[in-house]
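Data block below; observations after.
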Amino acid sequence: MKAALLAMHYQNDVLHVDGKVRVGVAADDPARPRLIASAARLIAAARANGVPVIFVRIAFAPDYSDCLRNCALFRRVAESGAVQEGSWGAGFYGELAPLPGEAVVTHKRNNPFWASGLEEVVRATGASRLYLAGIATNHVVEHGARHASDLGYDVAVVADACSTAQAHLQAASLETLSMLADVVRVDDAVAQMERGGRP
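According to full-length UniProt numbering, the sequence shown is numbered sequentially starting from 1.
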């Protein structure tokens with residue numbers, strides 16, 4: 001079973017201690033180094049096993065003219081000045097950045113597939129199983145998992161490479177996702193990748 005990995009929103013404004021969002025990963029949060037290490041291990045395992053990694057980012061024009069402020073989330077993004085196209089904050093975080101030649105997709109809605117070209121990029125890999133990881137679990141990961149499931153993909157959410165603003169939201173999101181996808185840990189995903197993506 002051919003697989004691909006969607007690594008979503010591992011961006012400075014979301015993950016770095018100086019970022020403007022820092023979803024669930026405050027500088028003194030003990031979960032922060034674990035999340036970064038888990039995500040790095042997942043990405044490295046995908047590369048080592050020939051699993052395409054697609055890096056998904058969110059970014060808006062500096063004046064937010066392309067930001068649809070119809071929900072609290074995007075209003076807060078614009079108010080905070082986060083993820084402006086071309087800024088340090090919109091860039092990828094350190095060791096979780098793409099290598100030259102790896103696919104990068106930018107989206108501007110809650111759903112990473114919406115008008116972003118992500119569906120076409122995923123289809124070009126020939127994958128039938130998608131591993132999803134990123135921040136935040138209850139936003140981009142959930143939206144991505146729902147859409148990918150509706151497109152017919154076999155979806156796995158890698159729980160320990162995901163984060164939300166609060167632990168109870170993480171638990172609720174993963175419970176909801178368990179009806180749409182396999183909820184696995186990095187160890188599980190790595191083992192599956194090593195045997196060709198088979199669950």
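Glycine is no exception: its CB is placed at the ideal position from the N, C-alpha and C atoms. Quick caveat, the model's predicted, so the values are computed rather than measured.
Query                                                                                                                      : Result
Beta-carbon contacts of V121 that lie in its chain and below 7 Å, excluding the five residues immediately before and after : I54, A103 and V105
Nearest neighbour of H16, chosen from V190, M193 and V83 [CA to CA]                                                        : V83
Paired residues, beta bridge with H16 - DSSP                                                                               : DSSP lists no partner for H16.
Contact between the region 65–82 and the region 40–51 (3+ Cβ pairs under 8 Å)                                              : no
Spatially closest choice to V140 from G89, F113, Y93 and N12, by CA coordinates                                            : F113
Member of A145, A165 and Y131 whose CA lies at the smallest distance from the CA of A191                                   : Y131
Close Cβ partners of G126 (< 6 Å) along its chain, the five nearest in sequence each way excluded                          : K2
Sequence ranges, alpha helix (DSSP H) only - wholly within the region 98–183, length at least 4                            : 118–125, 142–150 and 167–177
Of the residues P199, I36 and S178, the one placed nearest S163, counting alpha carbons only                               : I36
Distance between L42 and V21 (C-alpha atoms, nearest Å)                                                                    : 23 Å
Limits of the unbroken beta strand (DSSP E) element including F55                                                          : V53 to I58
Beta-ladder partner(s) of L6, from DSSP                                                                                    : I54 and L132
Within 8 Å, strictly: CB atoms of M193 and A45                                                                             : yes
Inter-residue Cα distance where the pair is A78 and Y64                                                                    : 6 Å
A159 vs R185 beta-carbon contact at 8 Å                                                                                    : yes
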